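**Q** For the record, the sequence lines run as chains A and B.
Residue numbering for the first sequence follows the working numbering, beginning at 1 and increasing consecutively.
Residue numbering for the second sequence follows the working numbering, beginning at 1001 and increasing consecutively.
Every residue gets a Cβ at the ideal spot worked out from N, C-alpha and C, and that includes glycine.
As the structure is a computational prediction, the values presented were derived from the model and not from experiment.
Here you go, one structure.
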Amino acid sequence: EDQVTQSPEALRLQEGESSSLNCSYTVSGLRGLFWYRQDPGKGPEFLFTLYSAGEEKEKERLKATLTKKESFLHITAPKPEDSATYLCAVQARSGGYQKVTFGTGTKLQVIP
Amino acid sequence: DGGITQSPKYLFRKEGQNVTLSCEQNLNHDAMYWYRQDPGQGLRLIYYSQIVNDFQKGDIAEGYSVSREKKESFPLTVTSAQKNPTAFYLCASSIRGARETQYFGPGTRLLVL
C-alpha cells in the first residue's frame, strides 16, 4: 500500500529563519510527487510537481527536491505570509488509474 | 479566469436528508475527483471520473453518490446513509494522462444540524 509521511507535523519559525519540511514515501511505480499549500478553510494551492530523483524546482522562497525515498521543501528566509499547511502527495499507477496518496501535512507558522 | 468553483461554501444537513455539493470547472480537464478532508488525516478519495458518463469509487465511497453528465460538472450527493458526513469536501480536476497534476476548488464545509 502506498504511504506518505510528512514531518514535522508542525513547525514554528522566526521570520528569516530557513528550514526544511520532509515528505517520505513508499510507493511502487512513482509517477510524480506534488507539493501543495493550504490556507485555513481553503482548497490546496498547487506549488510543484517532481517526476524523478534529482529533480529540483523553485518558486520565490520555496525549493522542492526529490530523492528515491523522500522529498524536501526548503523554505529560505520565510515571511509571515508563508504560514500555511504544506501538503505532499504521490502519484502511482494502480490498475488503469493514477492513484494519488496524500500526507497529513506540515503546519508552518512564521512569526514576525 | 479558468478554475474550479464549488458551492455552497457552507452546507447544513439535517438528519435523514440528502444534500448535493456542486463542482464546476472551466479548465477543459477530462478527469474530476472528490476528496474528503478531516482534521489530522490526509485527503481521502471518495469518487473519481476520468471521462463523461463514467465514474469509479474511491477509498471511501459508501454513503456518497456522483454523476458526470457534462465534462464541466461533477456533483456529489451525500446521502442519509453517510453517518458521519461532517467534513471539508474538496473537488479537483486534472488533464487525463500519465502524469496528472490535480488542481483543487475552494471547498465546501458540511455540517450536521
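1) Name the chain B residues that come within less than 7 Å of A:Val100, Cβ to Cβ?
2) Could you tell me whether any Cβ in chain B is nearer than 8 Å to the Cβ of A:Thr85?
3) Buried or exposed for A:Glu1, please, with buried defined as at least 16 other CB atoms from any protein chain shown within 10 angstroms of its CB.
4) If you draw a straight line from the C-alpha of A:Arg93 to the C-alpha of B:Met1032, how long is it?
5) Would you say the beta carbon of B:Ser1094 is closer than 7 Å to some non-hydrogen atom of the ligand MG?
6) Using the Cα positions of A:Ser83 and A:Thr106, report the straight-line distance between them to the nearest angstrom.
7) Check distances from the C-beta atoms of the region 33 to 56 of chain A to those of chain B and list, in chain order, the residues that come in under 8 Å.
8) Is it the case that the Cβ atoms of B:Leu1111 and B:Thr1086 are separated by a distance below 8 Å?
9) Once you ignore the five residues that flank A:Ser20 on each side, which residues in its own chain have a CB closer than 6 Å to its CB?
10) What first and last residue would you give for the beta strand (DSSP E) that runs through B:Val1052?
11) From the DSSP secondary-structure annotation, give me the bridge partner or partners of A:Glu45.
12) In angstroms with no decimal places, state the Cα-to-Cα distance between B:Ser1093 and B:Thr1005.
13) Check whether the region 1006 to 1017 of chain B and the region 1033 to 1052 of chain B touch, using three or more Cβ-Cβ pairs below 8 Å as the test.
14) Look at B:Glu1072 and B:Asn1026 and say whether their C-beta atoms are less than 8 Å apart.
15) Starting from A:Ser83, trace the beta strand (DSSP E) both ways and give me its first and last residue.
16) Assuming B:Arg1013 is part of the beta strand (DSSP E), what are its boundary residues?
17) With C-beta atoms as the reference, is A:Arg61 less than 8 Å away from A:Pro78?
18) Roughly how far, in whole angstroms, is the beta-carbon of A:Leu13 from the beta-carbon of A:Val110, given that I think they are within contact range, below 8 Å?
19) When burial is assigned at 16 or more other CB atoms within 10 Å of the CB, is A:Tyr86 buried or exposed?
20) Counting only Cβ pairs nearer than 7 Å, list the residues of chain A close to B:Gln1041.
21) Are the CB atoms of A:Thr104 and B:Gln1041 nearer to each other than 8 Å?
22) Answer with buried or exposed for A:Glu56, where buried requires no fewer than 16 other C-beta atoms within 10 angstroms of its C-beta.
**A** Reading it off the structure:
1) Here residue 100 of chain A refers to the residue found at position 100 when the first sequence is read from its first residue. Residues of chain B passing the Cβ test: Gln1102.
2) Numbered from 1 along the first sequence, position 85 holds the residue referred to as residue 85 of chain A. Not a single CB atom of chain B sits nearer than 8 Å to the CB of A:Thr85.
3) Reading the first sequence from its first residue, position 1 is the one you call residue 1 of chain A. Exposed is the call here.
4) Sequence index remark: in the first sequence, residue 93 of chain A carries index 93 (1-based). Sequence index remark: in the second sequence, residue 1032 of chain B carries index 32 (1-based). Cα to Cα, the separation comes out at about 17 Å.
5) For the ligand MG, the structure offers nothing, since it holds no ligand at all.
6) The residue labelled residue 83 of chain A in the question sits at position 83 within the first sequence. The residue labelled residue 106 of chain A in the question sits at position 106 within the first sequence. Computed Cα separation, rounded: 10 Å.
7) Those would be Phe34, Tyr36, Gly41, Lys42, Gly43, Pro44, Glu45, Phe46, Thr49, Tyr51, in chain order.
8) For this step, residue 1111 of chain B is matched to residue 111 along the second sequence. For this step, residue 1086 of chain B is matched to residue 86 along the second sequence. It is a contact, given that the beta carbons lie within the stated cut-off.
9) As a first step, residue 20 of chain A must be located in the first sequence, where it is residue number 20. Around A:Ser20: Phe72, His74.
10) As a first step, residue 1052 of chain B is located in the second sequence; it is residue number 52 there, counting from the start. Counting along the chain, B:Val1052 falls outside any beta strand (DSSP E), and DSSP gives it neither H nor E.
11) Sequence index remark: in the first sequence, residue 45 of chain A carries index 45 (1-based). Under DSSP, the beta-bridge partners assigned to A:Glu45 are A:Arg37.
12) Residue 1093 of chain B sits at position 93 when you count from the first residue of the second sequence. Residue 1005 of chain B sits at position 5 when you count from the first residue of the second sequence. Taking the straight line from one Cα to the other gives about 11 Å.
13) With a cut-off of 8 Å, the region 1033 to 1052 of chain B and the region 1006 to 1017 of chain B do not count as touching, because too few Cβ pairs lie within range.
14) The residue given as residue 1072 of chain B occupies position 72 in the second sequence. The residue given as residue 1026 of chain B occupies position 26 in the second sequence. B:Asn1026 is positioned such that its CB atom lies closer than 8 Å to that of B:Glu1072.
15) Along the first sequence, read from residue 1 onward, the residue named residue 83 of chain A stands at position 83. Per DSSP, A:Ser83 lies in no beta strand (DSSP E) segment and is marked neither H nor E.
16) For the purposes of this step, residue 1013 of chain B is identified with residue 13 of the second sequence, where counting begins at 1. Going by DSSP, B:Arg1013 is part of the beta strand (DSSP E) stretching over 1010 to 1013.
17) Position 61 of the first sequence, counted from the start, is the residue given in the question as residue 61 of chain A. Position 78 of the first sequence, counted from the start, is the residue given in the question as residue 78 of chain A. For the 8 Å CB-CB criterion, A:Arg61 and A:Pro78 form a contact.
18) Here residue 13 of chain A refers to the residue found at position 13 when the first sequence is read from its first residue. Here residue 110 of chain A refers to the residue found at position 110 when the first sequence is read from its first residue. Contact holds; Cβ gap of about 5 Å.
19) Locating residue 86 of chain A in the first sequence gives position 86, where the first residue counts as 1. By the 16-neighbour rule on beta-carbons within 10 angstroms, A:Tyr86 is buried.
20) Position 41 of the second sequence, counting from 1, holds the residue named residue 1041 of chain B. In chain order: Thr104.
21) Mapped onto the first sequence, residue 104 of chain A falls at position 104. Mapped onto the second sequence, residue 1041 of chain B falls at position 41. At a Cβ-Cβ threshold of 8 Å, A:Thr104 and B:Gln1041 count as neighbours.
22) The residue you call residue 56 of chain A lines up with position 56 of the first sequence. The residue is exposed, with fewer than 16 neighbouring Cβ atoms inside 10 Å.
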